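The sequence shown runs -21 to -1, 1 to 277 under mature numbering (1 follows the signal peptide of the UniProt record, and there is no 0). To start, the structure itself, in structure tokens.
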Amino acid sequence: MKSRMMLGLLASMLAAAPVSAAPPPPEVQSLGNGLSVLIGSSCNVLILPGDTGVLIVDDQRRSTFDETMAGIRSVSDLPVRYVVDTHWHLDHSGGNGSFTKAGAVIVAQRNVLVRRSAEQYMAPYKQHIPADPQESRPVIIFDDSLDLRLGAETVELRHVAIAHTDGDTLVHFRNANVVAMGDVFFNHIFPFIDRSSGGSIQGMIKGVETALAMTDEKSRIVPAHGPVATRAELSAYHDMLLDVARQVQTAKRKGRTLEQVVASHPAAAYREGMEGEEDRFVEAIYDSFGHADLHHRI
């Protein structure tokens, strides 16, 4: 009798025990011509299989390596051969060490290597970022541009200076008619301009103009954060950057303090449908304008 009672109690305990849910499958969208994008939890990751290996653009954080690999494996079983870092921030390049251990080669603009070879300080977060170990740093380095071939696709890497950081890369998949923009483009998010890493509003605007010149009305634009966009959406983002920058420049030329400019909310007209930190965006724009810049209309 006691045994039956114990078995019944055990059965009811098992029935009541919570079942751990399996992680949801990664969201991977096809962009055509063999190119896909993983909508990752840290950033968007471009995935391009070739004949003998896979090229990816950005690899998220070290902690999201399994998620990134699951997205890649949903597209291809080939090994990852190349990882292109759009810039040095760890939500984009934090997986470098894991991928190099698996045999991948890191490709980046020279300033990414410079910054990942030394401790960095991100003032908005009051955070010190230690240098990467040697094996996690970029190996294939370029200054202004680099073209890669993978299967039938030509992958054009173009440096845009002093934009989100001083080491940003736009990645143009010519045949697929897709441009990956890293953090030069935040879709439906007020952008973060990392002044500690050499970024500026002037460079952000020029970087977006460079991307617009690469594209047409059929192009798909992949931001680092937010949904895949059209050229029209990127153009509207450009106009927003330019409008807010000009308002801040004019106010600073008139002697307004940072606190006064932030309190005037020059980006208020763009709040609908936007996320992110509006005030931090305005602060970075204000800081981008030195004395000499105040009299040169952008």
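Heads up, the beta-carbon is just placed ideally off N, CA and C, and yes, glycines get one too. The model shown is predicted, which means the values in this text are computed figures rather than measured ones.
Separation of residue j from residue i, as counted between CA atoms
| i | j | result |
| --- | --- | --- |
| Gly82 | Val63 | 14 angstroms |
| Pro4 | Ser72 | 22 angstroms |
| Val16 | Ile120 | 24 angstroms |
| Arg199 | Pro117 | 27 angstroms |
| Asp162 | Gly234 | 31 angstroms |
| Val240 | Gln113 | 43 angstroms |
| Arg40 | Ile108 | 13 angstroms |
| Leu220 | Ile184 | 7 angstroms |
| Gly178 | His143 | 5 angstroms |
| Tyr68 | Gln228 | What sits at residue 68 in the sequence shown is His, not Tyr. Near 28 angstroms, if we compare the C-alpha coordinates of Gln228 and His68. |
| Asp272 | Gly50 | 44 angstroms |
| Ala230 | Thr148 | 31 angstroms |
| Glu188 | Ser115 | 32 angstroms |
| Arg128 | Gly29 | 9 angstroms |
| Asp123 | Val157 | 20 angstroms |
| Ser77 | Asp38 | 9 angstroms |
| Gly255 | Pro58 | 35 angstroms |
Whole-number beta carbon distance between residue j and residue i, since they are thought to touch under 8 angstroms
| i | j | result |
| --- | --- | --- |
| Ser175 | Tyr100 | 6 angstroms |
| Glu135 | Ala155 | About 11 angstroms separates the two Cβ atoms, so there is no contact after all. |
| Asn23 | Val201 | 6 angstroms |
| Asp70 | Ser21 | 4 angstroms |
beta-carbon residue i near the ligand FMN non-hydrogen atom, thresh 7 angstroms
| i | result |
| --- | --- |
| Tyr104 | The ligand FMN is not among the ligands present in this structure, which contains no ligands whatsoever. |
Residue environment, residue i, which counts as buried when at least 16 other CB atoms sit within 10 Å
| i | result |
| --- | --- |
| Asp126 | exposed |
| Thr236 | exposed |
| Tyr61 | buried |
| Gln181 | buried |
| Ser42 | exposed |
| Ala203 | buried |
| Tyr216 | buried |
| Glu262 | buried |
| Thr65 | buried |
| Arg276 | exposed |
| residue 296 | Any question about residue 296 goes unanswered here, given that the chain covers just -21 to 277. |
| Ser267 | buried |
| Thr31 | exposed |
| Gly74 | buried |
| Arg250 | exposed |
| Ala97 | exposed |
Three-state secondary structure (DSSP) of residue i
| i | result |
| --- | --- |
| Glu257 | helix |
| Ala87 | strand |
| Ser55 | coil |
| Gln181 | helix |
| Thr236 | coil |
| Phe78 | helix |
Pick from the options that is closest to residue i, judged by C-alpha positions
| i | options | result |
| --- | --- | --- |
| Asp111 | Glu135, Glu132 and Ile85 | Ile85 |
| Thr47 | Asp70, Gly19, Gly32 and Ala140 | Gly19 |
| Gln88 | Val36, Gln106 and Ser77 | Val36 |
| Pro170 | Leu213, Val150 and Leu129 | Leu213 |
| Thr194 | Gly205, Ser96, Thr209 and His204 | Thr209 |
| Gly130 | Gln106, Glu262 and Leu34 | Leu34 |
| Gly13 | Ser21, Glu6 and Leu25 | Leu25 |
| Arg95 | Lys105, Asp145 and Arg232 | Asp145 |
| Asp222 | Pro58, Arg137, Ala247 and Ser55 | Ala247 |
| residue 283 | Ala211, Pro245 and Glu238 | Not covered by the structure: residue 283. The range shown for the chain is -21 to 277. |
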